[in-house]
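J.:
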Amino acid sequence: MRSMARLGQNLHLKNLVFLALHLIIMAVEAQLLTASNRYLSGSTRSQGATLASNGGSFSVENYGAVGDGEHDDTEAFTGAWNEACKESPATLVVPSGKTFLVNNLDFQGPCQPGFTFQVDGTIAAPEDPSSWKRNYVWLLYEHLQQFTLTGEGTIDGKGNNWWGKQKSRPAAIQFNDVKGSTLSGLKVTDSPQFHVTLTDCDSVQIVGITIQAPESSPNTDGIDTFVSTNIVIKDSTIGTGDDCVGIGDGSSNIEISDITCGPGHGISIGSLGRGNAKEDVHSIHVVGAKLTSTTNGLRIETWPVLCVRVHFHSVLILLFP
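Those letters in the sequence shown? Residues -30 to -1, 1 to 291, by mature numbering (1 follows the signal peptide of the UniProt record, and there is no 0).
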């Protein structure tokens, strides 16, 4: 009986030792698992930070854009912009082969430098003026630096239902407080009013764009500048129902070269000083322009406002195509 009791005690002791060892092993495994998770988590965060620092591509389709020309993709564009704006560099992509219907949009900065808005498809406005959210600027780009709006696509303002029917009409694209930036490659068509407007901008280049609207479309200026300086407009083709390029109050150091203009009114400085505006205009250079079937050719129109250092050189004016 005693031997049996000792045997039972030994077995009980062994069980306790085994249980203790098992608990120790489990504790060690838990610590190893925790350390592993921490390492992986840190690695993932590090990888994410690396991706962020390297920038990335943000397609509007990944944010819910349909691109069939019927569904309203405004919210998807806003979502893609808000995410891409945080990265440096980043590219917001509007894919080719699709038409994205969007209402009025404010693309607000400041964003990280090196931000590119790549339009390879078509961005189209609503056809019915009553469905627009507002009647002044359709696509507003504001408070941006080192920004690029580019691509091989089209921005279609759907202005036909506005012309002659609405007194107050929106511009298609406005750059406001944009500096060190570029607009290139795109085709902008049928804006309700002005196609591209620069206000309070500095060091902006507009290169290789095409702007088209019917000759009968009212006040559909191609490119207008107001209170802006160090602006380059070149290698572009513009034909609308009003000025191909209009230089407004407060503009200075404007370089216009290799522009094909017509139909339309031509290249105009002014009207300046209207409504008691006091901002002078100076250092306007137009070199290498071809104007065809324009009503005015080259024009300076001003009230009592200073307009100096204006240079026209190598400008060909044709009465007929």
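By construction, the Cβ of each residue, glycine as well, lies at the ideal position given by its N, Cα and C atoms. These figures come from a predicted structure and were not determined experimentally.
#1: Report back the beta-carbon spacing between S187 and W133 to the nearest angstrom; my notes put them in contact at under 8 angstroms.
#2: Span of the alpha helix (DSSP H) holding A54?
#3: Thinking just about the alpha-carbon of each residue, which of K135, G121 and D219 is nearest to the one in T86?
#4: Expressed to the nearest angstrom, what Euclidean distance is found between the alpha-carbon atoms of G232 and R269?
#5: Tell me, please, which residues DSSP counts as bridged to D194.
#6: Leaving out five residues before and five after S227 in sequence, what residues of the same chain have Cβ atoms less than 6 angstroms from its Cβ?
#7: Between A46 and the rest of its own chain, which residues show a CB-CB distance below 6 angstroms, the 5 nearest in sequence each way excluded?
#8: Quick check: the region 69 to 76 against the region 53 to 61, are there 3 or more CB pairs under 8 angstroms?
#9: With distance defined between alpha-carbon atoms, name the residue in V174, T195, S173 and R244 nearest to H165.
#10: Do you know how far the Cα of V197 is from the Cα of S238?
#11: Which of helix, strand or coil does DSSP assign to P291?
#12: Could you tell me if D126 is buried or exposed, where buried requires 16 or more neighbouring beta carbons within 10 angstroms of its beta carbon?
#13: Grab the span of the beta strand (DSSP E) containing L268 for me, first residue to last.
#14: Taking its Cβ as the centre, do 16 or more other Cβ atoms sit within 10 Å of H235, making it buried, or is it exposed?
#15: Can L156 and I201 be called in contact, C-beta distance under 8 angstroms?
#16: Could you please give me the residues that DSSP links to N146 through a beta bridge?
#17: What would DSSP say about K135, mapped onto helix, strand or coil?
#18: Beta carbon of I143: closer than 7 angstroms to some heavy atom of the ligand SAM?
T.: Taking the geometry as given:
#1: Mapped onto the sequence shown, residue 187 falls at position 217. Mapped onto the sequence shown, residue 133 falls at position 163. Sure, about 5 angstroms apart at Cβ, within 8 angstroms.
#2: As a working note, residue 54 is residue 84 in the sequence shown. Segment T44 to A54, the alpha helix (DSSP H) holding A54.
#3: Position 116 of the sequence shown, counted from the first residue, corresponds to residue 86. When only C-alpha atoms are compared, the closest one is G121.
#4: Taking the first residue of the sequence shown as 1, we reach residue 232 at position 262. Taking the first residue of the sequence shown as 1, we reach residue 269 at position 299. Rounded to the nearest angstrom, the two C-alpha atoms are 15 angstroms apart.
#5: Along the sequence shown, read from residue 1 onward, the residue named residue 194 stands at position 224. Paired residues: T167 and G216.
#6: In the sequence shown, counting from the first residue as 1, residue 227 sits at position 257. So the qualifying residues of the chain are K204, V257 and G258.
#7: As a working note, residue 46 is residue 76 in the sequence shown. V30, Y33, G34 and A35, listed in sequence order.
#8: no
#9: The residue given as residue 165 occupies position 195 in the sequence shown. Checking every option, the nearest Cα to that of H165 belongs to T195.
#10: As a first step, residue 238 is located in the sequence shown; it is residue number 268 there, counting from the start. As a first step, residue 197 is located in the sequence shown; it is residue number 227 there, counting from the start. Spanning the two alpha carbons is a distance of roughly 15 angstroms.
#11: Counted from its first residue, the sequence shown places residue 291 at position 321. Looking at P291 - three-state DSSP - the assignment turns out to be coil, as it is neither helix nor strand.
#12: Stepping through the sequence shown from its first residue, residue 126 is reached at position 156. D126 is buried by the Cβ-count criterion.
#13: Here residue 268 refers to the residue found at position 298 of the sequence shown. Its beta strand (DSSP E) spans residues T264 to T272.
#14: Taking the first residue of the sequence shown as position 1, residue 235 is located at position 265. H235 comes out buried.
#15: For the purposes of this step, residue 156 is identified with residue 186 of the sequence shown, where counting begins at 1. For the purposes of this step, residue 201 is identified with residue 231 of the sequence shown, where counting begins at 1. Not in contact: L156 and I201 (Cβ atoms no closer than 8 angstroms).
#16: Walking along the sequence shown from the start, residue 146 turns up at place 176. Answer is E112 and T169, bridged to N146.
#17: Here residue 135 refers to the residue found at position 165 when the sequence shown is read from its first residue. In this structure, K135 counts as coil in the three-state DSSP scheme.
#18: The ligand SAM is not part of the structure shown, which contains no ligands of any sort.
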